[in-house]
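For reference, the structure discussed in these notes is given below.
There are 4 protein chains.
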Amino acid sequence: MSVLPDTLQARKQPLQSRSRATVEAIREASIQVLIAHGLAGTTTTRVAERAGVSVGSLYQYYRNRSTMLAALLEWHLDTVASAVEDAGARKRGATLDETADALIEAFVAAKLEHADISLALYGIAEMHGGAALLLAGRTRMEAAMTAMLGSVRDARFADATQVSAILLGAMVGPMCDLLNAGAPRARVAPLRAQLTLLARGYLHAAKVTP
Amino acid sequence: MSVLPDTLQARKQPLQSRSRATVEAIREASIQVLIAHGLAGTTTTRVAERAGVSVGSLYQYYRNRSTMLAALLEWHLDTVASAVEDAGARKRGATLDETADALIEAFVAAKLEHADISLALYGIAEMHGGAALLLAGRTRMEAAMTAMLGSVRDARFADATQVSAILLGAMVGPMCDLLNAGAPRARVAPLRAQLTLLARGYLHAAKVTP
Amino acid sequence: MSVLPDTLQARKQPLQSRSRATVEAIREASIQVLIAHGLAGTTTTRVAERAGVSVGSLYQYYRNRSTMLAALLEWHLDTVASAVEDAGARKRGATLDETADALIEAFVAAKLEHADISLALYGIAEMHGGAALLLAGRTRMEAAMTAMLGSVRDARFADATQVSAILLGAMVGPMCDLLNAGAPRARVAPLRAQLTLLARGYLHAAKVTP
Amino acid sequence: MSVLPDTLQARKQPLQSRSRATVEAIREASIQVLIAHGLAGTTTTRVAERAGVSVGSLYQYYRNRSTMLAALLEWHLDTVASAVEDAGARKRGATLDETADALIEAFVAAKLEHADISLALYGIAEMHGGAALLLAGRTRMEAAMTAMLGSVRDARFADATQVSAILLGAMVGPMCDLLNAGAPRARVAPLRAQLTLLARGYLHAAKVTP
DNA sequence: CATGAATGAGTCTTCATTCAT
DNA sequence: GATGAATGAAGACTCATTCAT
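Protein chains in written order, with my numbering: chain U, 8 to 217; chain G, 8 to 217; chain P, 8 to 217; chain V, 8 to 217.
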């Protein structure tokens, strides 16, 4: 089940290998173009050209420009969400501090790995349907975080879902600032350190006092 | 001195009363249109139409579409930054917890008051020059927050500037989520409560232990 | 009697001194703007601004933009035509060679004095009515030249009018080339020399052999 | 190598037959419109409409309006220059008078064949890059004429290049006058006769006396 | 008379989308 | 299936001209 309205659904599932290669090429190209020319500059012609296919072919796989961009956003959110989920799965039964550290570590790493795309993509949310994707991605991450909080062995939360939501938002904000600033190497470590403090501080303040 | 490049500067200061009315109408209209149609849908024609003036008049006061949008963003950032600065001025010499509470209170109130605009505006940063405005606004707020932290009577910070930056980002994130969710009344109070916990928790964790 | 259709007539004859000053200012300004921005860049607003008057005032004296430009063209053609007429009046009863020399001398001098305007103005002929002005100017000059040719004491012409027309055209062509090339000082004397040869050569070839 | 800046270069070479038809239609249409509405009236929309294609198609082959007009000018200058070059090639080793006659004959014929376009095009020189085209065309013709003068068997010139330049200018002037006057049949022969006299007279006056 | 704010028709140009080949 | 030429609606922006103050 997809969270997207019918209009944003991809046109067909590419099953054959050539098709898959084309779709992959288009995705790659759209990322490149998005980074180089911005959202408004990401035209279908440009993407097709970069991908080495014709515009016609592009429309074979995506109903329209929005669909193409939405697929990109979805793919990216998927990547980040998966990273957080993995971190959660690996840390079941740890302490609150260990959990916080692992969460921040995974999140920062995932974001940094796709720094440029991440930044460029945020404009897509404005699109019809973009918000839904964003929400879906966030929901997955919140769920993963809620699960993590639930399995912490030295603390408990009255409303783990809400705490997850807040913490997620609180991590995203400074992270975006860093990306906007060009994500200079020198500032990554301090940010991670502060985010760790933030996560630990907030979680301890929010936990049910024993 | 403005942070904007020459291209984003307004074209002329409205002096006569008729002019001022026109400019005001355009600002009002651009907000309305921005909320209703999104950034990409905020066309000069639509804004002029909504404002009840001709496109020509719009261009009498704004060099181009970007200028118009930038003016809007600037005005909004100004409002929020001022609110935070005021809160800071009122709370000199308070405790850390009191300061955190006042900060969150002021920030949430300012954002909520302009909820719709706030949301719509974030796309403007993509524009040429938009990032500069955003940065300028954030810098003002960070300065105000750094001053607040410096005057707290029961805590000290090794690097108050960095702490301010992180905390600001951490407040903005969840706040945006709330706005994106439509800012339902029922969720405002919980958010404020959690943000307060977040701010207190983080600041205590980040302060220099005596 | 003017050669212009009603539409290109100036709106009113400025009789009062203030009016005359305004008109003069507009003329000056339009020349400056024409030189600096080209024909297409010569907007009414720009001219008015440069002249230090309001657009409204400009329209007090000129029915529309075309009229203003036409007046400029007329004034310039007048100047050049007068120069040639004067040369003719001074040289009655001279030899063919002396007459040719005087003609070229006067023509080159007049054109050079208004080099920049001269160049910029040629685009105006395209306007509705512009061709008529051009024709009128040329007719005056042809008449003056025909008179010159008639008073030459050592030669006679079967059709002095036609010879004048051809000679005028033949002078204008190279002169325009020079102006287009930026009228570098170094090339003025050679041009004058060659034009003199041209005029003498042609007139001797065209005269009725005695 | 073209004399044009990158901006005036055509966008793509039409390869398929359909494309070539489109480009041809656009060229035809632009000539028609130019003649009927003048340079300023030659709008992209009008040309496209007349060509029976959409504006979009026009922009597929020309980067912008200027490019389209420049292509037209270039094409015309090419035609005339070729005519003069051909005349020169055919007349090597003739006498001065024969050469002069052939030159005038070729020039007048070429200009008359494209009378209307010729006239309308002269305004294009005002465009950015237009002057360069004009210069290039003139240079080609001057070179051809210089070669002709060099191969004349009964005369020699101290500076054949300069003489060519002057003579070219002197031919263009009266020719333009004729075109401006509507190029009535009755006046063509007399003009050619006078231009022949002019060319012969000037060349004899300018040649190095043996 | 002067002013200059307002007007809006008219330009150029782009780009998502289609469809004949 | 692939191609890319053609489409045309829509957007940004200009500027000659008018008219209320």
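Yeah, the Cβ is synthetic: ideal placement off N, Cα and C, and Gly gets one too. Since this is a predicted model, take the numbers as computed values, not measurements.
If you draw a straight line from the alpha carbon of Arg99/P to that of Val159/P, how long is it in whole angstroms? For Arg99/P and Val159/P, the distance between alpha carbons rounds to 7 angstroms.
Near-chain G residues of the region 188-209 of chain U (beta-carbon distance less than 8 angstroms), N- to C-terminal order: Pro197, Leu198, Gln201, Leu202, Leu204, Leu205, Arg207, Gly208, Tyr209
Beta carbons nearer than 7 angstroms to chain G: which residues of the region 113-140 of chain U have them? Gly130, Glu133, Ala138
Using alpha carbons as the reference points, say which of Ala113/V, Leu84/V, Arg199/V lies closest to Asp184/V. The residue with the shortest Cα to Cα distance from Asp184/V is Arg199/V.
Coarse secondary structure for Tyr66/P, derived from DSSP in three states: helix
CB contact check: Gly176/U to chain G, cutoff 8 angstroms: Output row for Gly176/U: interface = yes.
If we ignore side chains and look at the alpha-carbon of each, how far apart do Ser171/V and Glu149/V end up? 6 angstroms
Is it buried or exposed for Val30/G, if we count other Cβ within 10 angstroms and need 16 for buried? buried
Neighbour list for His83/V in chain P, Cβ cutoff strictly below 7 angstroms: Within chain P, no residue comes near His83/V; the closest Cβ sits about 17 angstroms away, beyond 7 angstroms.
How many Å lie between Met8/U and Arg25/G at the Cα? Its pLDDT being 39, under 50, Met8/U is placed unreliably by the model, and the measurement read from it follows with that caveat. Those two C-alpha atoms are separated by around 56 angstroms.
Once you ignore the five residues that flank Asp13/P on each side, which residues in its own chain have a CB closer than 8 angstroms to its CB? Confidence at Asp13/P is low in this model, with a pLDDT of 47, below 50, so the placement of that residue should be treated as unreliable; the coordinate-derived value is given next. The answer is none, since no qualifying residue turns up.
Within 10 Å of its beta-carbon, does Val91/V have 16 or more other beta-carbons around it, so buried, or fewer, so exposed? The residue in question, Val91/V, is buried, as its Cβ has 16 or more Cβ neighbours within 10 Å.
Interface partners of Ala165/G on chain U, CB under 9 angstroms: Those within 9 angstroms of Ala165/G in chain U number zero; the least Cβ separation is about 11 angstroms.
Among the candidates Glu81/U, Val60/U, Ala36/U, whose CA atom is the shortest distance from the CA of Thr49/U? Ala36/U
Three-state class that DSSP yields for Met178/P in the structure shown: helix
Taking DSSP as the reference, what is the three-state secondary structure of Asp13/U? Caution applies to Asp13/U, whose pLDDT of 47 falls short of 50 and renders its modelled position unreliable; the value that the coordinates give is listed next. Helix at Asp13/U.
Is the beta carbon of Arg207/G less than 8 angstroms from the beta carbon of Leu175/G? no
If you run the structure through DSSP and keep just helix, strand and coil, what is Val159/V? Of the three classes helix, strand and coil, the one that applies to Val159/V here is coil, per DSSP.
For Ile173/V versus Pro181/P, is the C-beta distance shorter than 8 angstroms? yes
Measuring straight from C-alpha to C-alpha, what distance separates Ala177/P and Val179/V? 7 angstroms
Kindly list the residues whose CB is nearer than 6 angstroms to the CB of Ala58/P, restricted to its own chain and excluding five residues on each side of it in sequence; keep chain order. Ala32, Ile33, Ala36
Here's the rule I'm using: 16 or more other beta-carbon atoms within 10 Å means buried, otherwise exposed. How should Ser125/G be labelled? buried
Going straight from the alpha carbon of Ala162/U to that of Ala212/G, what length do you get? 17 angstroms
On the CB-based measure, 16 or more other CB atoms within 10 Å of its CB, does Ala236/G come out buried or exposed? Only positions 8 to 217 of chain G appear in the structure, and residue 236/G is not among them; the question remains open.
Within-8 angstroms CB hit, Val62/P to chain V: no
Hey, Lys214/U and Leu76/U are a contact pair by Cβ (cut 8 angstroms); roughly how many whole angstroms apart? Actually they do not touch by this definition, with Cβ atoms about 40 angstroms apart.
Do Gly45/G and Leu80/G have their C-beta atoms closer together than 8 angstroms? no
When DSSP labels each residue in this structure, what does Asn71/V get in the three-state scheme? coil
Flag this pair as yes or no: are the beta carbons of Thr51/P and Val62/P separated by less than 8 angstroms? yes
What's the call for Ala196/V, buried or exposed, on a 16-neighbour Cβ count within 10 Å? So Ala196/V counts as exposed.
Mind reading off the beta-carbon distance from Ala107/V to Leu210/V? Whole number of angstroms is fine, and I expect it under 8 angstroms. 6 angstroms
Thinking C-beta only, is Val115/V closer than 8 angstroms to Leu202/V? yes
For Gln67/U and Ala47/P, I'd like the C-alpha separation in whole angstroms. 46 angstroms
Helix, strand or coil at Pro197/G according to DSSP, with G and I counted as helix: Pro197/G falls in the helix class under three-state DSSP.
Can you tell me whether Thr102/U is helix, strand or coil according to DSSP? In this structure, Thr102/U counts as coil in the three-state DSSP scheme.
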